[in-house]
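Numbering (the working numbering), first residue to last: 4 to 583. Glycine included, every Cβ here is placed at the ideal spot set by N, Cα and C. What you are looking at is a predicted structure, and each value in this text was computed from that prediction instead of being measured. These notes are about the structure you will find just below.
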Amino acid sequence: MAKKIFGWLVILMLLASCTSTENIPTEAAPPTAVPPTEEPPALETAVPSTNIPPTNTAAPPPTAIATAVPSEPDLSIEADGVFLYPIPDVYAGDRVTFQVMAHVPANVDPNAVTVHILVNYQDVAEGTLSAINLAGDAVGLFEWAWDTTDEVGDQLVHIILDRFDTITEGDENRDNNQVALTVPVLDPQTLPPNERNATWVSAETTCCNVYVVSGTAAYRDLPELLMTVETAVTAAAASLEEPLNSKIDIYLIDRVIGQGGYAGNAIVVSYLDRHYASRGFEQILTHEAIHIIDRQFAPERISFLAEGLAVWGTGGHYKSENIHQRSAALVALGQYVPLADLIDNFYPVQHEIGYLEAAGLVGYLIDTYGYPQFKRFYTDVTAEDAALMSQAIDLNLQQYFDITLTQAEANWLAFLAEQPEDRTEQIDLQTTIRYFNVMRRYQSLYDPTAYFLTAWLPYPGTLQTEGNPADLTRHPQAEINVTLEVMLQASDAALRQGDYNKANVLLDSITRVLDNDGTFIDPLAASYLALVRSLTAQGYEVQAATLEGDRAQVQVTGRGTAVLTPLTLTLSGQNWILSN
């Protein structure tokens, strides 16, 4: 295809962590909200006051409702469709971001739905439901809209849709157009010292400008991380045979987002001690760097190919992998998704399956036709080539390789059928898919703002000047969060060591907790909970734990510090006792 004129198309790509954007992520795809079971706390629904600023028209009179066929719900909003950042608590001095998801019927244009936000009856923000998240929901995002300086105590927040009643069809019931939230604003003096005094710190390498927040694990490990960053970016450039033409801004954050980070004009990667969404830090960095570098020659590349190239160029998704063997294992497990379906519905497909298939096809095309020809193909495929992404790829496959998508898929599957069966690869892949499914279920229930369909993905450069360090560091740390995150981390460690039985036993235990509304009735989970409780009561925060019979090897930090301390505990009856 002739090269298209580059437009600022924002493409969200959830990589090995990944959500990759062309420019500022929040302009195109701020995420939706999943009703939290525990976080954020204390957002109590209040009875909306009748004294809020008036609308232009009176509420419509009651009308008869047909009972034979239920009508589609009209424009509405509920309290669990609103998130306030930083999460889970707001402290005086924070600049609060509002993320609003509403139900918008099919006959209403979300861009025509106004959103007004009031704090204690004073307007602080207004706009429309102008963005769409990965789930296809209409979203309003109002970044750093409320300055809470000197506002300690409960504050009344109203979120109002269509305040002046300009929408008639599709908004018959105005009573469900607003929610009121009682938001406690906490005293910042109660924050741990490291967070109360948090500030951005920067360092420079040959390839990159690296930014961390003081008092975090990344700040503690910064000298070693700078070497890792340089290695990862060098590897990314080498895999693409493309020299880096400008320095990359990299932000290392103290919370989990998605599978570990996102990329746009800059890279954001999670780096924390209790990283429960896989420990493949260097792989994620390399993957994200590929997303930055490939825009130098393919600014309009499509998601399916971009993620495939990033996994191929990294040599695996979360760890070093044989892409061909792993793709063959996917087929053997019966998890293969037909390419046209995957390409046209890339993000709704199970994350690890979609990324592996994309990498497998990319690797096959490169091995068969050579990287230079593939690079020309990759550069030219854009969303503007056809009505569907699969059609765009099909057209370009014909031009560059003289095959259709159907033929390419058949040839690739025949190639995979020739690969020797590898049972270990199959078990590893099966356990990996299960691990991430359980991890995302945990996120959706107990850390919803980390879940890739709901995560707010701020552009870090703007956040650094206008927002709060807490936007990228603060996260839920209730007892259930710490316990399940430590268990997820232990399962990932077992998986990486090839101990699939142990990994699955831990996943079984976590699943029972999730199935029982957070009740720790499973003996293994109950033992982890008792361990976390014991150490928390002694002033520690558990960052990692490995249980072997009646002994536990634990990594902890003290409250308000990032200093890691190893501890050994022994189980005595029902109690964990420090041995060192």
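Contacting residues, own chain, Cβ-Cβ under 8 Å from residue i (five flanking each side not counted)
i	result
threonine 152	Ala95, Gly96
glycine 589	This structure cannot speak to residue 589, because the chain is shown only from 4 to 583.
glutamate 245	Ile296, Asp297, Gln299, Phe300
alanine 386	Leu12, Glu303, Ile305, Met392, Ala395
proline 65	Bear in mind that a pLDDT of 44 at proline 65, under 50, signals an unreliable position, so the model cannot answer this.
alanine 533	Gln577, Asn578, Trp579
glycine 470	Arg98, Thr100, Glu146, Trp147, Pro461
Cα-Cα separation between residue i and residue j, rounded to whole angstroms
i	j	result
proline 472	tyrosine 367	43 Å
serine 530	phenylalanine 349	39 Å
leucine 226	glutamate 207	Going by the sequence as given, residue 226 is proline instead of leucine. So the two alpha carbons sit approximately 11 Å from each other.
glycine 561	alanine 292	34 Å
methionine 442	arginine 379	37 Å
leucine 18	isoleucine 356	At leucine 18, the pLDDT of 38 sits below 50, so the modelled position is not reliable; the number obtained from the coordinates is stated separately. If I take the Cα positions, the gap works out to 12 Å.
histidine 278	glycine 84	27 Å
threonine 234	serine 249	16 Å
proline 451	glutamine 429	30 Å
glutamate 146	threonine 457	15 Å
serine 494	glutamine 402	46 Å
glutamate 360	alanine 221	33 Å
threonine 117	glutamate 172	15 Å
isoleucine 406	serine 133	40 Å
phenylalanine 377	glutamate 412	16 Å
valine 232	leucine 255	10 Å
tyrosine 339	asparagine 414	15 Å
serine 575	threonine 564	29 Å
methionine 104	glutamine 577	45 Å
proline 187	glutamate 154	9 Å
arginine 515	threonine 434	17 Å
serine 79	leucine 517	29 Å
aspartate 165	asparagine 123	19 Å
leucine 243	isoleucine 436	27 Å
glycine 143	cysteine 211	33 Å
valine 559	threonine 539	10 Å
leucine 400	histidine 354	24 Å
threonine 209	histidine 294	19 Å
proline 73	alanine 141	Annotation note: pLDDT 47 at proline 73 (below 50); position unreliable, no value reported.
valine 545	threonine 573	16 Å
glycine 319	glutamate 75	45 Å
glycine 261	glutamine 556	28 Å
alanine 497	lysine 505	6 Å
Cβ neighbours of residue i in the same chain (closer than 7 Å, five flanking residues each side left out)
i	result
glutamine 422	His327, Gln328, Ala331
alanine 446	Correcting the residue type first, residue 446 is glutamine in the shown sequence and not alanine. Ala453, Tyr454, listed in sequence order.
leucine 194	Tyr94
aspartate 150	Arg98
proline 191	Tyr94, Ala95, Gly96, Arg199
valine 352	Val340, Leu345
valine 566	Thr560
In DSSP terms, what residue i is bridged to
i	result
histidine 119	Glu129, Ile163
aspartate 252	Asn212
leucine 572	Ala555, Leu581
valine 591	Residue 591 cannot be examined here, being either before or after the span of the chain that is shown, 4 to 583.
isoleucine 86	Note that residue 86 is phenylalanine in the sequence shown, not isoleucine. Gln102, per the DSSP bridge assignment.
glutamate 544	Thr560
glutamate 207	Asn212
isoleucine 270	Ile253, Ala266
alanine 134	Val142
tyrosine 94	Leu189
threonine 2	For the chain, the structure presents residues 4 to 583; residue 2 sits outside this window and is missing.
serine 242	None; serine 242 has no bridge partner.
Cβ shell of residue i (< 6 Å), same chain only, five flanking positions each side left out
i	result
serine 512	Asp525, Leu527, Ala528
leucine 121	His161
glutamate 129	His119
asparagine 197	Gly218, Gly563
glutamine 467	Trp203
methionine 490	Leu509, Ile513, Tyr531
threonine 317	Gln286, Thr289, His290
alanine 67	Residue placement at alanine 67 is poorly supported in this model, since its pLDDT is 44, which falls under 50; the coordinates still yield a value, given next. Here the set comprises nothing.
aspartate 425	Gln328
The ligand HEM heavy atom lying under 7 Å from the CB of residue i
i	result
alanine 386	This structure simply doesn't include the ligand HEM, nor any ligand for that matter.
8 Å Cβ cutoff, residue i in contact with chain C
i	result
leucine 570	As a matter of chain content, chain C is missing from the structure shown, which is built from one protein chain.
Please list the segments of the alpha helix (DSSP H) lying wholly inside the stretch 315-358, counting only runs of 4 or more residues, in order along the chain.
-> 326-335, 342-347
What are the uninterrupted segments assigned as alpha helix (DSSP H) that are 4 or more residues long and contained completely in the stretch 276-318, given in chain order?
-> 284-296, 306-317
Along the chain, which unbroken stretches of the alpha helix (DSSP H) at least 4 residues long are found entirely within the stretch 139-205?
-> Taking only runs of at least 4 residues, the alpha helix (DSSP H) segments lying wholly in the stretch 139-205 are 196-199.
Any chance you could list the alpha helix (DSSP H) runs of at least 4 consecutive residues sitting entirely within the stretch 386-466, in chain order?
-> 392-404, 408-420, 426-449
What alpha helix (DSSP H) runs, 4 residues minimum, are completely inside the stretch 480-522?
-> 482-499, 503-518
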